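For the sequence shown, my numbering begins at 1 and goes up steadily by one.
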Amino acid sequence: MKQLRALCGFTLLSLAVLATARPKAGPEQKCKSGPVDLVFLIDSSRSVRPHEFETMRKFMIDILNTLDIGLNATRVGVVQYSSQVRTEFSLNTHAKLDTMVKGINKIIPLAQGTMTGLAIKYVMNEAFTHEAGDRPKVPNVAVIVTDGRPQDRVAEVAAEAREKGIEIYAVGVARADMASLRAMASPPFEDHVFLVESFDLIHQFGLQFQDKLCGVDLCLESEHGCEHICESSPGSYHCLCLPGYTLNIDGKTCAAIDLCAEGKNDCEQICISSPGSFTCDCNKGFKLNNDKKTCSTIDLCAEGKHDCEQICISAPGVFTCDCNKGFKLNKDKKTCTNMDLCNTVEHGCEHRCVSTPGSYYCICPEGQLLQEDGKSCGTCKSANIDLVLLIDGSKSVRPQNFELVKKFVNQVVDSLDVSAHGTRVGLIQYSSRVRTEFPLNMYHTADEIKAAVMKVDYMEKGTMTGLALKHMVENSFSEAEGARPSSRNIPRIGLVFTDGRSQDDITEYAKKAKEAGITMYAVGVGKAVEDELREISSEPVEKHFYYTTDFTAISTIAENLKLNVCPEESQGEIEVKDPCACESLVEFQQATMNSLEQLALKLSGMTARLEQLENQLLSRK
Numbered sequence: 001m002k003q004l005r006a007l008c009g010f011t012l013l014s015l016a017v018l019a020t021a022r023p024k025a026g027p028e029q030k031c032k033s034g035p036v037d038l039v040f041l042i043d044s045s046r047s048v049r050p051h052e053f054e055t056m057r058k059f060m061i062d063i064l065n066t067l068d069i070g071l072n073a074t075r076v077g078v079v080q081y082s083s084q085v086r087t088e089f090s091l092n093t094h095a096k097l098d099t100m101v102k103g104i105n106k107i108i109p110l111a112q113g114t115m116t117g118l119a120i121k122y123v124m125n126e127a128f129t130h131e132a133g134d135r136p137k138v139p140n141v142a143v144i145v146t147d148g149r150p151q152d153r154v155a156e157v158a159a160e161a162r163e164k165g166i167e168i169y170a171v172g173v174a175r176a177d178m179a180s181l182r183a184m185a186s187p188p189f190e191d192h193v194f195l196v197e198s199f200d201l202i203h204q205f206g207l208q209f210q211d212k213l214c215g216v217d218l219c220l221e222s223e224h225g226c227e228h229i230c231e232s233s234p235g236s237y238h239c240l241c242l243p244g245y246t247l248n249i250d251g252k253t254c255a256a257i258d259l260c261a262e263g264k265n266d267c268e269q270i271c272i273s274s275p276g277s278f279t280c281d282c283n284k285g286f287k288l289n290n291d292k293k294t295c296s297t298i299d300l301c302a303e304g305k306h307d308c309e310q311i312c313i314s315a316p317g318v319f320t321c322d323c324n325k326g327f328k329l330n331k332d333k334k335t336c337t338n339m340d341l342c343n344t345v346e347h348g349c350e351h352r353c354v355s356t357p358g359s360y361y362c363i364c365p366e367g368q369l370l371q372e373d374g375k376s377c378g379t380c381k382s383a384n385i386d387l388v389l390l391i392d393g394s395k396s397v398r399p400q401n402f403e404l405v406k407k408f409v410n411q412v413v414d415s416l417d418v419s420a421h422g423t424r425v426g427l428i429q430y431s432s433r434v435r436t437e438f439p440l441n442m443y444h445t446a447d448e449i450k451a452a453v454m455k456v457d458y459m460e461k462g463t464m465t466g467l468a469l470k471h472m473v474e475n476s477f478s479e480a481e482g483a484r485p486s487s488r489n490i491p492r493i494g495l496v497f498t499d500g501r502s503q504d505d506i507t508e509y510a511k512k513a514k515e516a517g518i519t520m521y522a523v524g525v526g527k528a529v530e531d532e533l534r535e536i537s538s539e540p541v542e543k544h545f546y547y548t549t550d551f552t553a554i555s556t557i558a559e560n561l562k563l564n565v566c567p568e569e570s571q572g573e574i575e576v577k578d579p580c581a582c583e584s585l586v587e588f589q590q591a592t593m594n595s596l597e598q599l600a601l602k603l604s605g606m607t608a609r610l611e612q613l614e615n616q617l618l619s620r621k
C-alpha cells in the first residue's frame with residue numbers, strides 16, 4: 001500500500017506542478033464541452049474531521065467555478081453519505097452557480113459509518129432519475145470522494161451503475177482503500193482512480209478533472225486501444241463493441257457472442273453460430289422446416305424417391321427394399337422374384353398344390369371336394385357347426401319324460417358329423433338355476449356325447465328360460481368353452497327345448513343371442529307357450545320353431561330338425577348345393593319318390609292299355 005501511495009503521490013505531484021503553472025479558474029474560463037449531469041457523492045463519516053470536510057466543500061465549489069452551470073448546460077447534484085444517504089440538492093434544484101454554492105455551504109456532515117455501496121445504489125436509483133432532473137442522452141458523471149474502506153460491498157452495485165451508463169470517478173483521501181476505489185471506478189483506471197495523501201491535496205484532482213471534462217476528444221487524440229468503437233465522454237472515453245460482440249474484462253477488446261455455445265437458441269438439431277446470431281440446420285436425413293428451427297425426417301419412400309419394386313422401408317434420408325410374402329429380394333436389392341411356395345414349404349395338399357404370388361392353395365381331383373381343412377379331399381363336404389342345446393329340467397317335465405328328452409338330444413347328435421374339427425356340441429340343463437352339463441370342447445365323438453347325455457341327472461324345480469339364454473350368450477359360445485373364433489365363420493346354433501311358460505323374462509337375451517350371430521331354434525312340448533317359442537326363434541320363424549303336444553312325438557321333431565341345422569352353401573346369386581349335404585339328400589329322395597310315383601302311374605296306365613288290347617284280340621277270335 002505504501003508503494004502504491006508513493007506511486008500515486010508521484011503522479012499527483014506532477015499534477016501539482018501543472019497546477020502551479022495554471023491560472024486560477026475564473027468565470028471567463030467556463031467549460032464549453034457540452035451538457036453534463038454531474039453528481040458529487042461525498043463521504044461525511046465520522047473519520048472526516050471538520051476542517052477536512054471544509055476542504056472537501058471548497059473542492060466542490062472550485063470545480064463548479066470551472067463549469068458552465070445551467071439547466072440547459074451542466075447540471076449538478078450533491079449527495080452525502082455515512083451510515084445513511086441524504087440528497088443535499090438534486091440535478092434540477094439549482095439553475096445558477098451562486099444558489100448552488102449556497103446549497104453546498106449549508107451541508108451538515110452526518111458523521112456516522114461508511115456505507116459506500118448503499119450510497120452508490122442510492123445515486124443510481126434516486127439521483128440519476130427523470131424526477132431528480134436527469135436528462136436523456138446527456139452523459140451521467142458521478143464523483144465519489146471517500147477517506148476510508150467501505151463497510152459494505154461496492155463491486156456489484158458499482159458494476160450495475162456503470163452498466164446503466166454512469167461514468168464513475170473514485171477519489172480516495174488518506175486512509176482510502178485502492179482496491180475499493182478500483183472496484184467502484186469506470187475503466188480505464190488510470191483516468192478514473194485518484195488517491196491523495198490528505199484533503200489538502202484534493203484540489204489536484206479538481207485540476208485534472210477539469211482537463212478531462214473540458215479537454216479534447218480522447219477518442220480522436222489519444223491511443224484509446226478500443227478494438228471496435230471508442231465513445232467519448234467529458235474528459236474521458238469508453239469502449240463499445242459492434243452488435244453480436246461483448247466487451248472483454250480489459251474494457252477494450254471484444255469477443256463474439258456465441259449464442260450456440262451459450263445455449264441461447266431454439267434449434268432442434270444443429271446450431272450454426274455467427275457473432276450475436278445463429279442459424280439452424282439439420283442432421284443428415286432430415287430437412288429444415290418452414291419455422292427454420294425444427295427438422296423433419298426425409299422420407300424417400302413417401303416422396304417416391306426410390307426404385308424398390310414392391311416394398312420400400314424408410315429411414316431418415318435413406319431407404320431399403322423388401323418384397324411381399326412369397327417373393328424374395330434379388331441381388332440388386334431392388335427387384336423381387338416369385339417364390340414357388342408349393343416347392344419350398346410343407347403345404348400338406350392331399351392331391352395337388354397350386355402356387356400364387358406369396359401364397360398357395362390346394363385342389364382336388366374331379367369328382368371330389370376340398371374339405372374344411374383346405375388340404376384333404378373327399379366325396380362329401382361336412383357341414384360343421386357349434387351347437388349348444390338348452391334342455392328344460394323343471395319338475396313339470398317329470399322323470400320319464402326327461403329320459404325321452406335325452407333320447408331326443410341323442411337323435412340330433414346322430415345327425416351331425418361330430419369331431420374336434422367338425423361339429424361341436426355342448427349341453428345346458430336349466431330349471432330354477434342353470435347348469436352346464438358339458439361345454440363345446442369337452443367331447444369330440446358322437447358316442448362320447450351320447451354317453452354323457454344319458455348320465456345327465458334330472459334337476460326338477462322351476463323354469464328360468466331367460467336365465468338359461470343369458471348363460472348361453474355370455475358363457476357357452478366363448479372360446480374358453482370351446483367355441484371356434486367368429487373369424488372362422490363356423491355357424492353358431494342354439495336349440496332350446498321346453499315344456500312350459502318361462503318364469504322370467506326372455507325378451508332381452510333372446511334378442512341378444514340373435515344379435516350375437518347365434519341361430520336360435522325353439523322346440524316346445526305340452527304347455528310350452530307359442531309366443532315365447534316364436535320370440536326365441538330366428539327368422540324365418542317357420543323354419544326354426546317346432547311344437548308337439550306329447551313327449552312321445554319329439555322323435556319326429558328330431559328327424560325334421562336335422563334338415564335345417566346343416567347350412568346351405570351358396571356362391572353368388574346362384575345356389576350351389578353339396579349333393580352330399582343332408583338337406584340335398586332329402587330333396588333328392590323326395591324328388592326320386594315323386595318320379596317313382598309318376599312312373600308307377602304311367603306303368604299302371606300302360607298295364608291297363610295292354611289289358612284292353614289283349615281283350616280286343618280275344619274277342620276277335
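Just so it is clear, CB atoms sit at the ideal spot from N, CA and C, and this is done for glycine as well. As the structure is a prediction and not an experimental result, all values here were calculated from the model.
As assigned by DSSP and simplified to three states, the class of residue i
i	result
residue 520	strand
residue 515	helix
residue 310	coil
residue 450	helix
residue 487	helix
residue 107	coil
residue 340	coil
residue 328	strand
Counted within 10 angstroms of its Cβ, other Cβ atoms place residue i as buried (16 or more) or exposed
i	result
residue 108	exposed
residue 429	buried
residue 454	exposed
residue 439	buried
residue 486	exposed
residue 542	exposed
residue 70	exposed
residue 136	exposed
residue 345	exposed
According to DSSP, residues forming a beta bridge with residue i
i	result
residue 496	390 and 522
residue 352	363
residue 428	390 and 436
residue 527	The partner list for residue 527 (beta bridge, DSSP) is empty, contrary to what the question assumes.
residue 458	Answer by DSSP bridge pairing: none, since residue 458 is not bridged.
residue 38	76 and 141
residue 86	80
residue 297	286
residue 254	247
residue 423	418
residue 482	Bridge partners of residue 482: none, in fact.
residue 238	231
residue 322	311
C-beta atoms of residue i and residue j nearer than 9 angstroms
i	j	result
residue 467	residue 499	no
residue 545	residue 533	yes
residue 133	residue 97	no
residue 158	residue 104	no
residue 171	residue 197	no
residue 123	residue 39	yes
residue 389	residue 477	no
residue 431	residue 393	yes
residue 391	residue 406	yes
residue 484	residue 519	no
residue 502	residue 548	no
residue 354	residue 364	no
residue 427	residue 452	yes
residue 308	residue 334	yes
residue 226	residue 264	no
residue 184	residue 144	yes
residue 424	residue 373	no
residue 36	residue 138	yes
Member of the options whose CA lies at the smallest distance from the CA of residue i
i	options	result
residue 352	376, 333, 359 and 101	376
residue 243	232, 259, 237 and 490	259
residue 421	251, 442, 268 and 557	442
residue 64	54, 554, 530 and 76	76
residue 338	461, 329 and 187	329
residue 147	271, 78, 557 and 111	111
Any non-hydrogen atom of the ligand FMN closer than 8 angstroms to residue i Cβ
i	result
residue 148	Among the components modelled here there is no ligand, and therefore nothing to report on the ligand FMN.
Closer than 9 angstroms to chain C by CB, residue i
i	result
residue 305	Considering every chain present, this structure includes no chain C. It has just one protein chain.
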